[in-house]
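Peer 1:
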Amino acid sequence: MDVSTGDAAGLNPAIQCLAGIDEAGLGPILGPLVVAGVAMAGPGGIDPWDALAERVAKTRPKRGQLHVADSKKVNSGKHGLERLERTVLTFWSALRGELPDTVGDWFEQLDYDLTRVADCPWYGSLDAPLPRRCDRADIELGGHLLREHLDAARIEVLRISARPVDVAEFNAWIAETDNKSTTHFRAYSSVLVDLLARIPDRARVVADRCGGRVHYRKVLADLPSIHHVRVERERPDASIYGLQTDSGSARILFVSRGEERAFPTALASCVAKYARELFVEQLNTWFREAVPGLAPTAGYWVDGHRFLRDVDDFVRSNELPRDRLVRSR
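So the sequence shown is numbered by the numbering used here: it starts at 786 and just counts up by one.
1. What whole-angstrom Cβ distance do D979 and G822 have, given they're in contact under 8 Å?
2. What separation, rounded to the nearest whole angstrom, lies between the Cα atoms of P1009 and G810?
3. With Y1157 as the anchor, note down where its beta strand (DSSP E) starts and where it stops.
4. Hey, could you find the ends of the alpha helix (DSSP H) V952 is sitting in?
5. Drop a sphere of 10 angstroms on the beta-carbon of L1038, count the other beta-carbons inside from all chains shown, and report buried for 16 or more, exposed for fewer.
6. Using C-beta distances below 6 Å, list every residue in its chain close to V990, excluding the 5 sequence neighbours before and after it, in chain order.
7. By DSSP, does L1068 sit in helix, in strand, or in coil?
8. Quick one, are the C-beta atoms of V853 and V841 less than 8 Å apart?
9. Quickly, what does DSSP pair F1092 with across the bridge? List them, please.
10. My output table needs one value for Q850: the three-state DSSP class, helix, strand or coil.
11. Measuring straight from C-alpha to C-alpha, what distance separates V1076 and V1040?
12. With DSSP as the reference, identify every bridge partner of T875, one or two as the case may be.
13. By how many angstroms is the C-alpha of P813 removed from the C-alpha of F955?
14. Report yes if the CB atom of G877 is closer than 8 Å to the CB atom of I945, and no otherwise.
15. The beta strand (DSSP E) with V991 in it runs from where to where?
16. Do three or more CB pairs link the stretch 1062-1079 to the stretch 836-851 at distances below 8 Å?
17. Going by the DSSP bridge assignment, what does A947 pair with across the sheet?
18. Does I1011 come out as helix, strand or coil in the three-state DSSP assignment?
19. Pairing CB atoms from the stretch 1015-1025 with CB atoms from the stretch 984-999, are three or more of them under 8 Å?
20. Find out if the Cβ-Cβ distance for the pair E1044, D855 is shorter than 8 Å.
21. Determine the burial state of S1113: buried for a count of at least 16 other Cβ atoms within 10 Å of its Cβ, exposed for fewer.
22. For a test of the three-state rule: what should DSSP assign to C802, helix, strand or coil?
23. Here's a check: name, in chain order, each residue in its chain whose Cβ is nearer than 8 Å to the Cβ of A1047, leaving out the five neighbours to either side.
24. Going by other Cβ atoms of all chains shown within 10 Å of its Cβ, with 16 needed for buried, is E1062 buried or exposed?
25. Applying the 10 Å Cβ sphere with the 16-neighbour rule, what's the burial state of E1104?
26. Compute the Euclidean distance between the alpha carbons of L869 and R939, then round it to the nearest angstrom.
27. With a threshold of 16 other CB atoms inside 10 Å of the CB of P949, please say whether the residue is buried or exposed.
28. Determine the extent of the alpha helix (DSSP H) in which I924 is found, giving its start and end residues.
29. In terms of residue numbering, what span does the alpha helix (DSSP H) encompassing L981 cover?
30. Would you identify the three-state DSSP class for S789, choosing helix, strand or coil?
31. Hey, could you find the ends of the beta strand (DSSP E) G1033 is sitting in?
32. DSSP three-state label for E808, please.
33. Measuring alpha carbon to alpha carbon, tell me which residue in G862, R901, L930 is nearest S911.
34. Quick check on DSSP: helix, strand or coil for L796?
35. Among R987, S1024, A988, which residue has its Cα nearest to the Cα of L1005?
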């Protein structure tokens, strides 16, 4: 896998850039869908899992290593959320030089407009401090050490992007399109456009496939920053396109298990999952303070409906906006 280094605006033609996109939370009925993207640059032929092996691992991380893989694997077991947080915030610290103070600060640094959830009382505590589970000093030290390893490998993290789509916005898009796949790709496209504006000419983007979609030419051609789309392959295993964009040319691959194939896609998977977990944590905290004995939920279909039954009396008596709490599809 090729990645590259240096200032994205002035990369040597021999230097290469790789970006990745993945999502978390398409299936649940509670909490946001989050799509995230990561762009990295470095010398051609470098695999970040190998080049950063002292600091990161794809499988079975040792003490002191960050786990960069499919977020489902990172966020597993008793300490899964702690591992996930450590991975995401350490890379964020390496990129930005410091950590945000609160959950809300991080979303603002991600350019997410918090007014989108201002009418959701269960998100009123986005001023909760970061990190949520790890030690702040440990994360900041880890970010410094990771920065040193990135520099030594001549790898640069150019961009970490995330686009939460909470329930109200998700439902509005469903009402407009009457199509969950179209709604899903709208969120994907916002992150893709963001990355394309910040990566150099001849970059590659590895995106995890959007559900069962195989054909992307038309939806790509409709994006404002893309001027021409060339179909290279459209098969169930991979859909590959050449793009002409405002920034030059790019190649995008929609593949199954993209997080296993490309380091930036794996890191994007972790960023998306962590962002969603922060929202769901705030939702659980708010409702559990109001409803004694309430068990927390991850928001998926069966347990999400259990949660809704348990809070139904409270929601009704307080006239809470159900269309901001529960997805329509």
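A virtual CB, placed ideally from N, CA and C, is assigned to each residue, including glycine. Just so it is clear, the structure is predicted and the values come from calculations on it, not from any experiment.
Peer 2: In this structure, then:
1. 7 Å
2. 26 Å
3. With the chain covering only 786 through 1114, there is no way to say anything about residue 1157.
4. 952-962
5. buried
6. A804, I1037
7. Of the three classes helix, strand and coil, the one that applies to L1068 here is helix, per DSSP.
8. yes
9. DSSP, once it has assigned bridges, lists no residue as partnering F1092.
10. Coil.
11. 43 Å
12. In DSSP, T875 forms no bridge with anything.
13. 12 Å
14. The amino acid occupying residue 877 in the given sequence is Trp; Gly does not appear at that position. Yes, they are a contact pair.
15. 988-993
16. no
17. A821
18. strand
19. yes
20. yes
21. exposed
22. strand
23. So the list reads M786, L803, G805, V991, once near-sequence residues are dropped.
24. Under this definition E1062 is a buried residue.
25. exposed
26. 25 Å
27. That one is buried.
28. For I924, the enclosing alpha helix (DSSP H) covers residues 921-937.
29. 965-981
30. Because S789 carries a pLDDT of 36, less than 50, the predicted location of this residue cannot be relied on, and the following value inherits that uncertainty. Coil at S789, not helix or strand.
31. 1033-1040
32. In the structure shown, E808 sits in a strand (DSSP, three-state: E or B).
33. Reading off the sequence shown, one finds Leu at residue 911, where the question assumed Ser. It is R901.
34. At L796 the pLDDT is 37, less than 50, meaning the model places this residue with poor confidence; the figure from the coordinates comes in the next sentence. Three-state result, L796: coil.
35. S1024
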